[in-house]
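Student:
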Amino acid sequence: MSKYSLKALRSELSPEELKVMNKTYWKSERAGVLFCFSRYMGPALAYGLYPFINWLYKDKPKEEKGKALLRLNGFWNCEAVMHNFAIGILASMEKDHVQTGNTTEATIEAIKASLIGPLSAVGDTIFWIVWRILVTGVALTFALQGSIVGPLLFIVVYNAPKYYLRYYLQLLGYRTGSEILVSMSESGLMQQITKAAGILGGFMIGGMIPMLVSVPVTATFQMNGLEQSVADIFNGIMPGLLELIVVFVMLGLLRKKVNPMLIVLGTFVVGIGGAALGLF
Amino acid sequence: MSLTNRPIFIGFVTGLLLGDMETGILVGAQLELAFLGIVAIGATTAADAEIATIMTVAFSIVNGLPMETVIPLGITVGYAASLLSNIRLLIAEFFIPASDRALEKDEEKKFVMLCWVGSIIAFFVWPSVICVAGVLVGGPVLESFINNLPPFILNGIGAAGAMLPALGIAMILTLIFNKRIAIYFMAGFVIYKYLAVDMIFMLVIGLLLALTDFFVTAEINKKNNSAATTITSEEEDFLS
Numbered sequence: 162m163s164k165y166s167l168k169a170l171r172s173e174l175s176p177e178e179l180k181v182m183n184k185t186y187w188k189s190e191r192a193g194v195l196f197c198f199s200r201y202m203g204p205a206l207a208y209g210l211y212p213f214i215n216w217l218y219k220d221k222p223k224e225e226k227g228k229a230l231l232r233l234n235g236f237w238n239c240e241a242v243m244h245n246f247a248i249g250i251l252a253s254m255e256k257d258h259v260q261t262g263n264t265t266e267a268t269i270e271a272i273k274a275s276l277i278g279p280l281s282a283v284g285d286t287i288f289w290i291v292w293r294i295l296v297t298g299v300a301l302t303f304a305l306q307g308s309i310v311g312p313l314l315f316i317v318v319y320n321a322p323k324y325y326l327r328y329y330l331q332l333l334g335y336r337t338g339s340e341i342l343v344s345m346s347e348s349g350l351m352q353q354i355t356k357a358a359g360i361l362g363g364f365m366i367g368g369m370i371p372m373l374v375s376v377p378v379t380a381t382f383q384m385n386g387l388e389q390s391v392a393d394i395f396n397g398i399m400p401g402l403l404e405l406i407v408v409f410v411m412l413g414l415l416r417k418k419v420n421p422m423l424i425v426l427g428t429f430v431v432g433i434g435g436a437a438l439g440l441f
Numbered sequence: 005m006s007l008t009n010r011p012i013f014i015g016f017v018t019g020l021l022l023g024d025m026e027t028g029i030l031v032g033a034q035l036e037l038a039f040l041g042i043v044a045i046g047a048t049t050a051a052d053a054e055i056a057t058i059m060t061v062a063f064s065i066v067n068g069l070p071m072e073t074v075i076p077l078g079i080t081v082g083y084a085a086s087l088l089s090n091i092r093l094l095i096a097e098f099f100i101p102a103s104d105r106a107l108e109k110d111e112e113k114k115f116v117m118l119c120w121v122g123s124i125i126a127f128f129v130w131p132s133v134i135c136v137a138g139v140l141v142g143g144p145v146l147e148s149f150i151n152n153l154p155p156f157i158l159n160g161i162g163a164a165g166a167m168l169p170a171l172g173i174a175m176i177l178t179l180i181f182n183k184r185i186a187i188y189f190m191a192g193f194v195i196y197k198y199l200a201v202d203m204i205f206m207l208v209i210g211l212l213l214a215l216t217d218f219f220v221t222a223e224i225n226k227k228n229n230s231a232a233t234t235i236t237s238e239e240e241d242f243l244s
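Protein sequence lines correspond, in order, to chains A and B.
The opening residue of the first sequence carries number 162 in this note's numbering; numbering runs sequentially from there.
The opening residue of the second sequence carries number 5 in this note's numbering; numbering runs sequentially from there.
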């Protein structure tokens, strides 16, 4: 069909190139090797692209190959699906660098650094937030009843599209090189995707509050001789108001850079203190 | 990166290994709720959901502690354990200089070996040590602790446990929440709360809202961008 279908992308590569790309894809599955403070996912990039560099620098001097490998082992951080997109883009730049020399080492470093932010933003919103939470939500309905369907559904459904997308995006990135990013950001496609994913994520998360959070207030008080429940008063204003307040108080604290550990302990203090006063 | 370390899955695996799969799944599901927003983006984590889940399942099965009490405590363990488990990144750091040297000399086998050995020590051996030590030492302590608590404290711990999933949600919100998203967030909240629908219904409505916005923005971008003709075809190809 189109020139960007997976079939078209694969048919454009020489058999040897395709083999190298496939090898890179399987090695890139280990996106967390030697994850550490100074490099983050750098070693994963060198680990994944090693077969490709072997192929590219077959007849080149060893020092140049060593330099290219070291370049990959530098700082790198990306969401795991977009990691493969970046692998494709970086591979195409390395290829251009070796074969034509148009792409300089400085350009590669600059583009590599500029990929981190936008790719992670898109990837994190789509996969980490929207897709994971959706699958978790469905899987939890089974898991909360102790059914084995829950965990298995989670792992299979969450990962299946990622395996396909990672492969597709790697080949797409390899085909288009860094140009695709220029056209994507110029046309506003990048922001469009992030914004739409943010809307879907925000909507789903809003729905998850009544599903997941509960503030078990059981206290009652006497008014005009009648027994009034505190929870009923809040629910009379708006159902779920208490849960919403708890979420926003925690969001406010997190935005003020309060350590989450302190928020957990604070919740315990409120819970136990409230229970001592007969609130819960 | 396949999320096999999420509570919902690792709880099931731990339960299976300890001979009580159902408890593992139930504990894992509860902890998944609490750690939903624990972000694996960036270097360190605020809480180690993986260690928390393994230890909580072990407390429930090995020490036979009641699930409702042990789960909120396990969440606390997860936050405390992150201080220890973040050391794994320092362990991995030790292997970096050698990996640089191996790459420079193009010693592929040595580099691959360093990656595997370093990762296994940092991300497998070290967390295992924390878990085993935690269960051996913490189990009996926790047992006598829970058995001697007055009921109102257990009640309070239960209430805290019911509220704690809010933290997971708040953590996700720090990543995406802004004024524009607030209205969609409230819409999601109200629809779920008032209509008591399920996740699939929410997804369809959410997709409707997101795609509408996507295509409206595309129209606006097209008008603003006179050179967009070539790009548009790429967009469509890319999305198909």
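We put the CB at the ideal spot given by N, CA and C, even for glycine.
1) Any idea if GLY397/A is buried or exposed, counting beta-carbon neighbours within 10 angstroms, 16 or more meaning buried?
2) Given 6 Å as the limit, tell me if LYS197/B has its C-beta closer than that to any heavy atom belonging to the ligand NAD.
3) Provide the residue(s) that pair with GLU388/A in DSSP beta bridges, ordered along the chain.
4) Drop a sphere of 10 angstroms on the beta-carbon of SER89/B, count the other beta-carbons inside from all chains shown, and report buried for 16 or more, exposed for fewer.
5) Anything in chain A within Cβ reach of MET117/B, meaning under 9 Å, just list it in chain order.
6) Go ahead and label MET127/A buried or exposed: buried means 16 or more other beta carbons lie within 10 angstroms of its beta carbon, across all protein chains shown.
7) Taking the alpha carbon of MET59/B as the point to measure from, which residue in GLY142/B, VAL121/B, LYS109/B, GLY122/B has its own alpha carbon closest?
8) Is there at least one Cβ from chain B nearer than 7 Å to LEU402/A's Cβ?
9) I need the straight-line Cα distance from THR178/B to ASN183/A, nearest angstrom please.
10) Between the C-alpha atoms of GLU26/B and THR18/B, what's the straight-line distance to the nearest angstrom?
11) Rounded to the nearest angstrom, what separates SER64/B and GLY28/B at their Cα positions?
12) Do three or more CB pairs link the segment 270 to 277 of chain A to the segment 237 to 252 of chain A at distances below 8 Å?
13) Should ASN228/B go down as buried or exposed, given a rule of 16 or more other Cβ atoms within 10 Å for buried?
14) List the residues of chain A whose Cβ lies closer than 7 Å to the Cβ of MET59/B, in chain order.
15) Which residues does DSSP list as the beta-bridge partners of CYS197/A?
16) I want to verify the contact list: residues of chain B whose CB lies under 7 Å from the CB of CYS197/A, in sequence order.
17) Suppose contacts are defined by Cβ-Cβ distances below 7 Å. Is ASN182/B in contact with GLY349/A by that definition?
18) Extract the residue ranges of the alpha helix (DSSP H) inside the segment 123 to 172 of chain B, only unbroken runs of 4 or more that lie entirely within it.
19) Looking at ILE79/B: is its Cβ nearer than 7 Å to the Cβ of LEU168/B?
20) Skipping 5 residues on each side, what residues in its chain have a beta carbon closer than 8 Å to that of LYS221/A?
21) Within 7 Å of any Cβ in chain B, is that where the Cβ of ASN234/A sits?
22) Quick check on ILE235/B: buried or exposed, where buried means 16 or more other Cβ atoms within 10 Å of its Cβ?
23) Taking Cβ-Cβ distances shorter than 9 Å, what residues in chain B pair up with THR185/A?
24) Quick check: is the beta carbon of SER322/A nearer than 7 Å to any beta carbon in chain B?
25) With respect to the alpha helix (DSSP H) encompassing SER64/B, which residues constitute its N-terminal and C-terminal limits?
26) Within the 7 Å Cβ cut-off, does PRO222/A reach chain B?
27) Assign PRO212/A to buried or exposed, taking buried as 16 or more other Cβ atoms, counted over all protein chains shown, within 10 Å of its Cβ.
28) Which residues does DSSP list as the beta-bridge partners of TRP237/A?
29) Check whether the segment 125 to 135 of chain B and the segment 410 to 427 of chain A touch, using three or more Cβ-Cβ pairs below 8 Å as the test.
30) Tell me whether GLN306/A is buried or exposed, calling it buried when 16 or more other Cβ atoms sit within 10 Å of its Cβ.
31) Would you verify that the beta carbon of ASP24/B is, or is not, closer than 7 Å to some beta carbon of chain A?
32) Mind checking ASP393/A: buried by the 16 CB within 10 Å criterion, or exposed?
33) Are ILE150/B and LEU22/B touching if we call contact CB-CB under 7 Å?
34) Grouping DSSP H, G and I as helix and E and B as strand, with all else coil, what is THR265/A?
35) Check each residue of the segment 129 to 153 of chain B: if its Cβ is closer than 7 Å to any Cβ of chain A, include it; give the result in chain order.
Tutor: Result, derived from the coordinates:
1) Looking at its Cβ environment, which holds fewer than 16 other Cβ atoms inside 10 Å, GLY397/A is exposed.
2) Of the ligands one can find in the structure shown there are none, so the ligand NAD has no counterpart to examine.
3) Looking at the DSSP output, GLU388/A sits in a beta bridge with GLN383/A.
4) Classification of SER89/B: buried, given that the 10 Å Cβ count is 16 or more.
5) The contacting residues do not exist; MET117/B stays about 11 Å from chain A at best.
6) Limits of chain A in this structure are 162 at one end and 441 at the other, which puts residue 127/A out of reach.
7) That would be GLY142/B, whose Cα lies nearest to the Cα of MET59/B.
8) No, LEU402/A lies away from the interface with chain B (no Cβ there is under 7 Å from its Cβ).
9) Rounded to the nearest angstrom, the two C-alpha atoms are 37 Å apart.
10) Distance between the alpha carbons of GLU26/B and THR18/B is about 10 Å.
11) Going from the Cα of SER64/B to the Cα of GLY28/B covers about 9 Å.
12) Three or more Cβ pairs drawn from the segment 270 to 277 of chain A and the segment 237 to 252 of chain A lie within less than 8 Å of each other, which places the two stretches in contact.
13) ASN228/B is exposed by the Cβ-count criterion.
14) By Cβ distance, chain A contributes nothing, its closest Cβ being about 15 Å from MET59/B, past 7 Å.
15) In the DSSP assignment, the residues bridged to CYS197/A are TYR201/A.
16) Neighbours of CYS197/A on chain B, chain order: LEU93, ALA96, GLU97, ILE100.
17) No, they are not a contact pair.
18) Segments of the alpha helix (DSSP H) lying fully in the segment 123 to 172 of chain B: 130 to 137, 143 to 151, 155 to 167.
19) Yes. Within cutoff.
20) The residues are VAL259.
21) True, the Cβ-Cβ gap to chain B drops below 7 Å.
22) Because the pLDDT of ILE235/B is 49, which lies under 50, any placement of that residue in the model is unreliable, and the number read from its coordinates should be weighed accordingly. Flag for ILE235/B reads buried.
23) Residues of chain B with a Cβ closer than 9 Å to the Cβ of THR185/A do not exist, since the nearest Cβ in that chain sits about 14 Å away.
24) One point to set straight first is that residue 322/A is Pro, not Ser, in the sequence displayed. Under the Cβ distance rule, PRO322/A does not count among the residues neighbouring chain B, no pair being separated by less than 7 Å.
25) Looking at the DSSP string, the run of the alpha helix (DSSP H) that includes SER64/B is 53 to 65.
26) False, the Cβ-Cβ gap to chain B never drops below 7 Å.
27) Answer is buried; the Cβ neighbour count reaches 16.
28) In the DSSP assignment, TRP237/A is bridged to TYR201/A.
29) No, they do not touch.
30) It counts as exposed.
31) It does not: the Cβ of ASP24/B has no partner Cβ on chain A nearer than 7 Å.
32) That one is exposed.
33) Result no, Cβ atoms of ILE150/B and LEU22/B do not sit closer than 7 Å.
34) Residue state for THR265/A is assigned as coil, using DSSP reduced to three classes.
35) Of all residues in the segment 129 to 153 of chain B, none has a Cβ within less than 7 Å of some Cβ in chain A.
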